[in-house]
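These notes concern the structure reproduced below.
Residue numbers (the UniProt record's numbering): 1 to 390.
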């Protein structure tokens, strides 16, 4: 991830849904004014969701997603439909593309019902208006082929985008001139030549607050603190170093982790903290789901697949079983798990992260995240969430 590139998770996710041959790909190309998706008269040309990060003025940085037709058939077609419906979990704005010459059918009406039930903003588009004189009913009438109505569609998209202020990571806790210490371990899991995304994002948020940041490695924290004329406003650490950093940071200095800041920005922090308590009640044979939002290469000391399972076994004193998922792979049935432990979600947008927590909650399965669980097992959870009034 470039330091100058807006992460996909921070982009507005705009997904195009509809039946095969409704013109989804053509319409997306017309809206963006560039050939982003393959266009064909053959139904079912788009087989898997296709994403493209771009700037779409005046909306700014967006992620455009073209999906397969919701009326696809056969075993493979059912898999394509399932993947298209998975996209809805992260959709900030849905574009439902229909044939303007025909009334909405049961598939399209069912999709509208799904969007409404999930409170997903949408624009209903009546495509192929160049082939009919019909202009009655709701929706924006357009022709992806001729360009008619595209400007009106863009205006409808702008109006439909929710006017929500992006959640802050830490900047709202800072005043101009404050000093923040960021503890960033450089070990075998650290990407060569760069720092990981949550650390980049927190650093940017500190700068946006007109505060200053000092960055050091775990073993250098005592020396770094001793060189400061005044105590820092807060110390923020990588969760893996929580125990050592807590011991080296005076109790009078607020302390938290990058992962906890992500939980605060993308979820309900108090509920996520409560989910960590499930680690105290595990039984032999309990199964734990450990889920990451990215698909990075696993190192020998990987936190998700190696360190967390070992810490949970030691904390609980129980023989536990673990399943692991990554990227967009997240099971819809969770009842088999005693708890779910999720990463900070820096590679997932807020809607996707909140969907996963809501799914877990609806099935009565406690869910927490890496940083909060580690803080709980280290006995410093109260201290690590105290900066947020919890």
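Even glycine gets a Cβ: it sits at the ideal position worked out from N, Cα and C.
Using the Cβ count rule (16 or more neighbours within 10 Å means buried), how would you classify residue 310?
Along the chain shown, one-based indexing puts residue 310 at 310. Exposed, since its Cβ has fewer than 16 Cβ neighbours within 10 Å.
In the DSSP assignment, what are the bridge partners of residue 388?
Reading the chain shown from its first residue, position 388 is the one you call residue 388. Residue 388 is not bridged to any residue.
What residue does the beta strand (DSSP E) around residue 64 start on, and which one ends it?
Numbered from 1 along the chain shown, position 64 holds the residue referred to as residue 64. Element bounds for residue 64: 60–66.
Of all Cβ atoms in chain D, is any one closer than 9 Å to the Cβ of residue 284?
The structure shown contains no chain D; it is built from a single protein chain.
Given this structure, state the Cα-to-Cα distance separating residue 340 from residue 366, to the nearest angstrom.
If you number the chain shown from 1, residue 340 lands on position 340. If you number the chain shown from 1, residue 366 lands on position 366. Taking the straight line joining both Cα atoms gives about 6 Å.
Inter-residue spacing [alpha-carbon to alpha-carbon] between residue 160 and residue 227
Locating residue 160 in the chain shown gives position 160, where the first residue counts as 1. Locating residue 227 in the chain shown gives position 227, where the first residue counts as 1. Approximately 51 Å, taken between the alpha carbons.
Between which residues of its own chain and residue 380 is the CB-CB distance below 6 Å, once the five residues before and five after are set aside?
As a working note, residue 380 is residue 380 in the chain shown. If we look at residue 380 and ignore the five residues flanking it on each side, its Cβ neighbours are 246.
Under 9 Å, do residue 97 and residue 154 count as touching if we go by C-beta distance?
Walking along the chain shown from the start, residue 97 turns up at place 97. Walking along the chain shown from the start, residue 154 turns up at place 154. No, these two residues do not count as a Cβ contact at 9 Å.
Between which two residues does the alpha helix (DSSP H) containing residue 287 stretch?
Reading the chain shown from its first residue, position 287 is the one you call residue 287. From DSSP, residue 287 is part of no alpha helix (DSSP H) but of the beta strand (DSSP E) over 287–292.
Looking at the structure shown, is residue 380 part of a helix, part of a strand, or coil, going by DSSP?
Locating residue 380 in the chain shown gives position 380, where the first residue counts as 1. Coil.
Straight-line CA distance for residue 52 to residue 69?
Against the chain shown, residue 52 aligns to sequence position 52. Against the chain shown, residue 69 aligns to sequence position 69. Straight-line Cα distance between these residues: approximately 18 Å.
Pick out whichever of 72, 204, 78, 268 has its Cα sitting closest to the Cα of residue 172.
Along the chain shown, one-based indexing puts residue 172 at 172. Among 72, 204, 78, 268, the Cα nearest to that of residue 172 is on 204.
Cα-Cα separation between residue 33 and residue 343, rounded to whole angstroms
Along the chain shown, read from residue 1 onward, the residue named residue 33 stands at position 33. Along the chain shown, read from residue 1 onward, the residue named residue 343 stands at position 343. Each residue's Cα considered, the two are about 36 Å apart.
For residue 347, three-class secondary structure by DSSP:
In the chain shown, counting from the first residue as 1, residue 347 sits at position 347. Three-state DSSP puts residue 347 in coil, outside helix and strand.
Rounded to whole angstroms, what's the CA-CA distance from residue 318 to residue 372? Just pull it up for me.
Looking up residue 318 in the chain shown gives position 318. Looking up residue 372 in the chain shown gives position 372. Spanning the two alpha carbons is a distance of roughly 20 Å.
Let me know the secondary structure DSSP gives residue 229 once reduced to three states.
Here residue 229 corresponds to residue number 229 of the chain shown, with the count starting at 1. If DSSP states are grouped into helix, strand and coil, residue 229 belongs with coil.
Considering only the alpha carbon of each residue, which of 258, 257, 234, 112 lies closest to residue 250?
Within the chain shown, residue 250 is the residue found at index 250, counting from 1. For the residues 258, 257, 234, 112, the minimum Cα distance to residue 250 belongs to 234.
Our contact map puts residue 257 next to residue 272 with C-beta atoms below 8 Å; I'd like the distance itself, whole angstroms only.
Looking up residue 257 in the chain shown gives position 257. Looking up residue 272 in the chain shown gives position 272. Incorrect: roughly 13 Å between the Cβ atoms, too far for contact.
Excluding five sequence neighbours on each side, which residues of the same chain lie with their C-beta closer than 7 Å to the C-beta of residue 40?
As a first step, residue 40 must be located in the chain shown, where it is residue number 40. Residue placement at residue 40 cannot be trusted, given a pLDDT of 46 that sits under 50; what the coordinates show is reported in the next sentence. So no residue of the chain qualifies.
Given a threshold of 16 other Cβ atoms within 10 Å of its Cβ, counted over all protein chains shown, does residue 57 qualify as buried or as exposed?
Here residue 57 is taken as the residue at index 57 of the chain shown, counted from 1. So residue 57 ends up on the exposed side.
Is it right to say residue 54 is buried, meaning 16 or more other beta carbons lie within 10 angstroms of its own, or is it exposed?
Here residue 54 corresponds to residue number 54 of the chain shown, with the count starting at 1. When all chains shown are included, residue 54 counts as exposed.
Count the other C-beta atoms from every protein chain shown that fall within 10 angstroms of the C-beta of residue 312, then say buried if there are 16 or more, exposed otherwise.
Locating residue 312 in the chain shown gives position 312, counting from the first residue. It is buried - the Cβ of residue 312 has at least 16 other Cβ atoms within 10 Å.
8 Å Cβ shell around residue 386 - same chain, five flanking residues per side excluded:
Residue numbering aside, residue 386 sits at position 386 when the chain shown is read from its first letter. Only 254 meet the Cβ criterion.
Looking only at C-alpha atoms, which of 314, 303, 351, 290 sits nearest to residue 331?
Numbered from its first residue, the chain shown carries residue 331 at position 331. Per the Cα distances, 290.
Give me, in chain order, the residues of the same chain whose beta-carbon lies closer than 6 Å to that of residue 244; leave out the 5 immediate sequence neighbours on both sides.
Your numbering for residue 244 matches position 244 in the chain shown. Around residue 244: 218.
Member of 358, 179, 304 whose CA lies at the smallest distance from the CA of residue 211
Translated into the one-based positions of the chain shown, residue 211 becomes position 211. Among 358, 179, 304, the Cα nearest to that of residue 211 belongs to 179.
What's the call for residue 147, buried or exposed, on a 16-neighbour Cβ count within 10 Å?
Residue 147 sits at position 147 when you count from the first residue of the chain shown. Residue 147 comes out exposed.
Based on DSSP bridge pairs, tell me the residues matched to residue 13.
Position 13 of the chain shown, counted from the start, is the residue given in the question as residue 13. Answer by DSSP bridge pairing, in chain order: 63.
Return the chain-ordered list of same chain residues with a C-beta closer than 8 Å to the C-beta of residue 46, the five sequence neighbours on each side being excluded.
Stepping through the chain shown from its first residue, residue 46 is reached at position 46. Any reading at residue 46 is ruled out, since the residue's pLDDT is 49, under 50, leaving its predicted position unreliable.
Of the choices 214, 136, 240, whose alpha-carbon is the least far from that of residue 185?
Numbered from 1 along the chain shown, position 185 holds the residue referred to as residue 185. The shortest C-alpha separation from residue 185 is found at 240.
Can you name the residues that DSSP bridges to residue 99?
Within the chain shown, the letter at position 99 stands for residue 99. Residue 99 pairs with 127.
Would you say residue 9 and residue 64 are within 9 Å of each other, going by their C-beta atoms?
Counting from 1 along the chain shown, the entry for residue 9 is found at position 9. Counting from 1 along the chain shown, the entry for residue 64 is found at position 64. Result no, Cβ atoms of residue 9 and residue 64 do not sit closer than 9 Å.
According to the Cβ coordinates, are residue 326 and residue 352 closer than 9 Å?
Sequence index remark: in the chain shown, residue 326 carries index 326 (1-based). Sequence index remark: in the chain shown, residue 352 carries index 352 (1-based). No, the pair does not count as a contact, with Cβ atoms beyond the cut-off.
Take residue 335 as the anchor and find which of 362, 322, 104, 79 has the nearest alpha-carbon.
Position 335 of the chain shown, counting from 1, holds the residue named residue 335. Nearest option by C-alpha distance: 362.
Residue 120 by DSSP, collapsed to three states: which one?
Indexing the chain shown from 1 puts residue 120 at position 120. Looking at residue 120 - three-state DSSP - the assignment turns out to be coil, as it is neither helix nor strand.
For residue 40, does the three-state DSSP call read helix, strand or coil?
Numbered from 1 along the chain shown, position 40 holds the residue referred to as residue 40. Since pLDDT at residue 40 reaches only 46, below the 50 mark, its modelled position is unreliable, and the value read off the structure follows with that caveat. DSSP places residue 40 in coil when its eight states are reduced to three.
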